[in-house]
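> Dropping the structure in here first, questions after.
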Amino acid sequence: MPQTHPTRTGVVSTLKRESVTLGSFASSESPENWEKVLEGIRHMRSSEDAPVDSVGCEKAGSSLPPKERRFAVLAGTLLSSQTKDHVTHGKFLFLSKNLPVCFHDSEGIMSGAVQRLLENGLLDPYSIEKADEDTIKNLIYPVGFYTRKASNLKKVANICILKYNGDIPSSLEQLLELPGIGPKIAHLVLHIAWNDVQGICVDTHVHRICNRLGWVTRPGTNQKTKSPEETREALQKWLPKEEWVSINPLLVGFGQTICAPLRPRCGVCQINSLCPSAFKEAPRPSSKSKKSVREKLE
DNA sequence: ATCCCGGTCT
DNA sequence: AGACCCGGAT
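Take the first sequence: its letters are residues 1 to 298, numbered as in UniProt numbering.
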């Protein structure tokens, strides 16, 4: 698609204010203080210990030749999608050179599934196509949506064989045609497998945090974006492309440790003075308890 | 024991 | 809008 990103953002020109913006800014212009916010998050991330940073990664597929390696990336990413382990996608963005298929291993679920596939020689399209679907199901069992993923994996393998000579598609559009591959995974695979950054990988953390920061709005409005895709497009309009890769693991880790989906720890957040949503989150979503009034005020 | 999670597909 | 699915949090 057209590359209409005004990467030259007028970041240096505008005079800085100390006040917190309300998240409104002219379209295709950067939100105020975004660099300060990013810097603050980086600083917090350097001292926090987010799960995404832990070293529990498997290096399945690291010694494979390029074509097999790419398929392993696609298969592994497909498996980790829609699982909480998906948040660790950010991890192997950094390790893609040597460790193309890497998963956070907090529970051993994802890495176990990929490793079992690899040990059984089921990380390449030809073996997968021949393998029984139930076999794949059993090997990947603990991961979420395993039935659907086993089915999608076989379909993907078949398509890769028929249309791509056993390789994986190299364009965004072709990746999106694969069953079970949506925008998030497609952009991720494109980057990891082909080293091609065409878009920001927006998961729920990126989606949520960008909206809290007022970094993205629906086109022509001040309303929050409604979907990760809207967030991706809005974010890409102003965020310099140099940040497109790093923004995902940065915000994922931030979202895991501080800017959590519910009960964000605004009290310890170092950029709360720059965040229009700070301390504005509903304190207790479902409150049946009458105690626990003053326990979380750190 | 119940609720909640999360990309993708329908 | 709901189904898919597990494990984890509550």
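C-beta: ideal position from N, C-alpha, C; glycine also.
Taking just the CA atoms, how far does N120 sit from K280?
If you take the alpha carbons of K280 and N120, they lie about 50 Å apart.
> To which residues of the same chain is L74 closer than 6 Å at the C-beta, ignoring the five residues directly before and after it?
Cβ within range, chain order: I168 and V189.
> For the alpha helix (DSSP H) holding W34, just list the boundary residues, first then last.
Start and end: W34 to S47.
> Helix or strand or just coil, what does DSSP make of V101?
Since pLDDT at V101 reaches only 44, below the 50 mark, its modelled position is unreliable, and the value read off the structure follows with that caveat. In this structure, V101 counts as coil in the three-state DSSP scheme.
> Among K137, E230, L118 and S171, which has the Cα closest to the Cα of V197?
Nearest of K137, E230, L118 and S171 to V197, Cα basis: S171.
> Buried or exposed for T221, please, with buried defined as at least 16 other CB atoms from any protein chain shown within 10 angstroms of its CB.
By the neighbour-count rule (16 or more Cβ atoms within 10 Å), T221 is not buried but exposed.
> State the start and end residues of the unbroken alpha helix (DSSP H) segment that holds residue 335.
Past the boundaries of the shown model lies residue 335; the chain is included only from 1 to 298, so the question cannot be answered.
> Measure the alpha-carbon distance for S227 versus H205 and round it to whole angstroms.
When rounded, the distance between both Cα atoms is 12 Å.
> Using only the alpha-carbon positions, how far apart do C160 and C201 sit?
Approximately 23 Å, taken between the alpha carbons.
> Which residues in the same chain as R70 place their Cβ atom closer than 7 Å to its Cβ, once the five residues preceding and following it in sequence are excluded?
The residues are D167, I168 and A193.
> Return the CA-CA distance between R116 and I247, expressed in angstroms with no decimal places.
One C-alpha to the other measures close to 31 Å.
> Would you mind reading off the limits of the alpha helix (DSSP H) that contains Q174?
From DSSP, the alpha helix (DSSP H) with Q174 extends over L172 to L176.
> Is H191 closer than 8 Å to V245 when the C-beta atoms are compared?
Contact: yes.
> Applying the 10 Å Cβ sphere with the 16-neighbour rule, what's the burial state of K224?
Buried, since its Cβ has 16 or more Cβ neighbours within 10 Å.
> So P264 and I258 are in contact, right, with Cβ under 8 Å, and what is the actual spacing, rounded?
Confirmed, about 7 Å.
> Tell me which same chain residues have a C-beta within less than 7 Å of the C-beta of N158, skipping the five on either side of it?
Closer than 7 Å at the Cβ level, and outside the excluded window around N158, lie E129.
> Return the Cβ separation of P31 and W215 in integer angstroms, given the expectation that the two are a contact with Cβ distance under 8 Å.
Yes, they are in contact, since the Cβ atoms of P31 and W215 sit about 5 Å apart, within 8 Å.
> Quick check on the burial criterion: 16 or more other C-beta atoms within 10 angstroms. Buried or exposed for V268?
Exposed.
> Inspect the beta-carbon positions of D203 and V156 and report whether they are closer than 8 Å.
No, these two residues do not count as a Cβ contact at 8 Å.
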